[in-house]
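Peer 1:
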Amino acid sequence: MQQPVQITRHPRSRRLKLKVHRDASVEVVAPPRASALEIERFVQSHRAWIEQAQARMRKLRAERAPADEQGDPTRLELRATGHCVAVEYCNKRGRRGWEWREDRLIIEVAANDAANARDLIIGALKYRARATLEERLWAHARRLDLHFGKVSWRHQKTRWASCSSRRNISLNIRLLFLPVELVDYVFVHELAHLDHPNHSPLFWACVERFMPEYRERLKALKRAHQYLPEWLFDCARG
Ligand SMILES: [Zn+2]
């Protein structure tokens, strides 16, 4: 069965671009003025490629989700801060919430309520990221003598981080699962955007000045999805 294709208009996009996500959903990134017919033809002409990519994603997913990972997670390997967290579920007081106790995360939610349990874990991870990992961003900013506005933590499907024109930095809680040297690269990348809100040669020169060995890290970041637990892919937004 063909799934509906999600169409995202991007103001800076110049040509049509296809993406097949890990859940095998298909997205077309289109320039603002591309017509519906043009997009439809583009998708049709790449049908074979899309099906191959979807098959690859489904296979990857089946391989990476052993039986015990298909339920609610019981362990979170937060590589960025060097913590392995045990997740415990309890349902005694009939309330909904989460609580950190050192390296244990207590999730209070009705049994078999996977969607809510995962939302709670995401909420707990936002808190944890702010309390532990965020300090590294501030430390890099101090080292490079850069100033920015607010930091927000989100859970997004497609971006590790972003930097707005108002100098606010948005970070993805998924960073918690990556080795810290990749997180440092993401932080430095966003800090370089404070002076260069684009990916121009000047921007990359700035990244290199901040982190001379950035190329290897950028390369490793492209394969970093291997560090993410499968359940995260089921509950991302945007
Ligand atoms: Zn960038």
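Just so you know, the sequence shown maps onto residues 33 to 270 in our numbering. Note that the Cβ used here is the ideal one computed from N, Cα and C, for glycine as well.
1. Just to confirm, does H187 get its C-beta within under 7 Å of one of the non-hydrogen atoms of ligand 1?
2. For H179, verify whether its CB is less than 7 Å away from any heavy atom of ligand 1.
3. State the Cα-Cα distance for the pair S184 and I201, rounded to the nearest angstrom.
4. Applying the criterion that 16 or more other CB atoms from any shown protein chain within 10 Å of the CB defines a buried residue, is R90 buried or exposed?
5. Helix, strand or coil, according to DSSP, for W236 in the structure here?
6. Pull up the distance between the alpha-carbon of L48 and that of C116, whole angstroms please.
7. Going by the beta-carbon positions, is the gap between P64 and R46 smaller than 8 Å?
8. Considering only C-alpha positions, which residue in the set A224, I139 and E70 is nearest to R241?
9. Is there contact between the region 157-170 and the region 202-209, where contact requires at least three CB pairs shorter than 8 Å?
10. I'd like to know if the region 118-128 and the region 210-230 are in contact, where contact means that at least 3 CB-CB pairs between them fall below 8 Å.
11. What three-state label does DSSP hand S184 in the structure shown?
12. Distance, Cα to Cα, V239 vs S194?
13. Can you tell me which of the three DSSP states A146 falls into?
14. Could you give the DSSP three-state label for R107: helix, strand or coil?
15. Suppose you measure from the CA of F74 to the CA of A85; what does that come to, to the nearest Å?
16. Going by C-alpha to C-alpha distance, which of H187, L137 and A252 sits closest to F265?
17. Here's the rule I'm using: 16 or more other beta-carbon atoms within 10 Å means buried, otherwise exposed. How should A62 be labelled?
18. Please classify W132 as buried or exposed, where buried requires at least 16 other C-beta atoms within 10 Å of its C-beta.
19. Is H42 near ligand 1, going by C-beta to nearest heavy atom under 7 Å?
20. Going by alpha carbons, who is nearest to A56 out of D151, A66, A87 and R198?
21. Taking buried to mean at least 16 other C-beta atoms within 10 Å of its own C-beta, is P105 buried or exposed?
22. Cα separation between S77 and S67?
23. Would you tell me roughly how many angstroms separate the C-alpha atoms of A237 and R128, rounded to the nearest one?
Peer 2: Once the coordinates are examined:
1. For H187, the distance from the CB to the nearest heavy atom of ligand 1 is not below 7 Å.
2. Every heavy atom of ligand 1 is 7 Å or more from the Cβ of H179, so no.
3. For S184 and I201, the distance between alpha carbons rounds to 6 Å.
4. With fewer than 16 other beta carbons inside 10 angstroms of its own, R90 counts as exposed.
5. Reduced to three states, the DSSP call for W236 is helix.
6. One C-alpha to the other measures close to 41 Å.
7. P64 is not a Cβ neighbour of R46, given a cutoff of 8 Å.
8. Checking every option, the nearest Cα to that of R241 belongs to A224.
9. Put simply, the region 157-170 touches the region 202-209. At least three CB pairs are less than 8 Å apart.
10. Verdict: no, contact absent.
11. Residue state for S184 is assigned as strand, using DSSP reduced to three classes.
12. Straight through space, the alpha carbons of S194 and V239 are spaced by roughly 15 Å.
13. The three-state secondary structure of A146, taken from DSSP, is helix.
14. Shown here, R107 sits in a strand according to DSSP, grouped into three states.
15. A direct Cα-Cα distance of roughly 16 Å separates F74 from A85.
16. Here the closest residue by C-alpha is H187.
17. Buried.
18. In summary, W132 is exposed, with fewer than 16 beta-carbon neighbours lying within 10 Å of its beta-carbon over all protein chains present.
19. Flag unset: Cβ of H42 not near ligand 1.
20. Selected option, being the one with the closest Cα: A87.
21. Buried.
22. Answer to the nearest angstrom: the Cα atoms are 16 Å apart.
23. Going from the Cα of A237 to the Cα of R128 covers about 48 Å.
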